[in-house]
Every structure is written in structure tokens, then in C-alpha cells.
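**Q** This is the structure, below, for whatever I ask next.
Given below as C-alpha cells:
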């Protein structure tokens, strides 16, 4: 057998295997993707439901505006609010002022954990001594 014959046999066998596995593989991957999308959708709906129960409308509006500017900060605030609600530390709905206080606390905490670079300039040549 020549190399060309072996190559044709390999191609035919590969095509046959693809036909056998193709529909099953594509169906399972599509099913997994739709299941993941459905799971994400349910989680997002649950988060929104919890937040609508614990936030006053003006606080929810402010959180929405924060999400437009910096989504990671809004998600962090939402996680903290949900954690407080689940632990029973929230006795009433969160007002806009309380949300501002929480934002201030989060920004202070981020400033403490964030590394800062300090540049110290040494006294060197000074041209003003003429």
C-alpha cells in the first residue's frame, strides 16, 4: 500500500467516526450551553428578587448607576447586601443614605488593601543657586 492509499483510508475512517459522533456531540454541547444559560438566568433573577426586597427604589437606582460605571463595585455591594440580609442584620429596607455609607466603607477598605507606589525624590542638582 502506498502513502496515498493509507491517507485515503484514514480520511474515510475519520469521516465515518465524525458522522457517528457528530449529532450526539453537538446536541450534548448545545444542551450544556443552554443549561448553563438557564442556570445563570435563574441566579440573576434570584439576586434581583432579593435586592428588590431589601432596597428602596432610590437606593436601587443608585446601585444601577454604580453598575453602569463600575460593575465590579456594584456586584461587591450587592453581595454584601445579600449577605447582610441572609444573616438577618437588615431590619428594614436599605435607604440611599445607608447605601452611601456602605459604599464609603467599601472604598475605604479598597484603599487599605490597594498597594501604593511612593516616589521619593532626592535633593539633587539645583539650577537656582546662581
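Residue numbers (UniProt numbering): 1 to 130. Ideal Cβ placement from N, Cα and C applies to all residues, glycine included.
#1: So residue 68 packs on residue 55, CB below 8 Å; how close in whole Å?
#2: Ends of the alpha helix (DSSP H) at residue 104?
#3: What are the boundary residues of the alpha helix (DSSP H) that residue 81 is part of?
#4: Taking just the CA atoms, how far does residue 39 sit from residue 15?
#5: Bridge partners for residue 56 per DSSP, in chain order?
#6: CB residue 106 to CB residue 59, shorter than 7 Å?
#7: Taking the alpha-carbon positions, what's the residue 85 to residue 76 distance?
#8: I need the straight-line Cα distance from residue 57 to residue 20, nearest angstrom please.
#9: Here's the rule I'm using: 16 or more other beta-carbon atoms within 10 Å means buried, otherwise exposed. How should residue 6 be labelled?
**A** Checking against the coordinates, here is how it stands:
#1: Position 68 of the chain shown, counted from the start, is the residue given in the question as residue 68. Position 55 of the chain shown, counted from the start, is the residue given in the question as residue 55. Contact between residue 68 and residue 55 does not hold, since their C-beta atoms are separated by about 16 Å, which reaches or exceeds 8 Å.
#2: In the chain shown, the residue the question calls residue 104 occupies position 104. For residue 104, the enclosing alpha helix (DSSP H) covers residues 96–113.
#3: As a position in the chain shown, residue 81 is number 81, starting the count at 1. 71–87 is the span of the alpha helix (DSSP H), which, as asked, contains residue 81.
#4: By one-based count along the chain shown, residue 15 stands at place 15. By one-based count along the chain shown, residue 39 stands at place 39. Rounded to the nearest angstrom, the two C-alpha atoms are 35 Å apart.
#5: Position 56 of the chain shown, counting from 1, holds the residue named residue 56. Answer by DSSP bridge pairing: none, since residue 56 is not bridged.
#6: Indexing the chain shown from 1 puts residue 106 at position 106. Indexing the chain shown from 1 puts residue 59 at position 59. With contacts defined as CB atoms closer than 7 Å, residue 106 and residue 59 fail to qualify as a contacting pair.
#7: Within the chain shown, residue 85 is the residue found at index 85, counting from 1. Within the chain shown, residue 76 is the residue found at index 76, counting from 1. Rounded to the nearest whole angstrom, the CA to CA distance from residue 85 to residue 76 is 14 Å.
#8: Numbered from 1 along the chain shown, position 57 holds the residue referred to as residue 57. Numbered from 1 along the chain shown, position 20 holds the residue referred to as residue 20. Pairing residue 57 with residue 20, the inter-Cα distance amounts to about 55 Å.
#9: Taking the first residue of the chain shown as 1, we reach residue 6 at position 6. Classification for residue 6: exposed.
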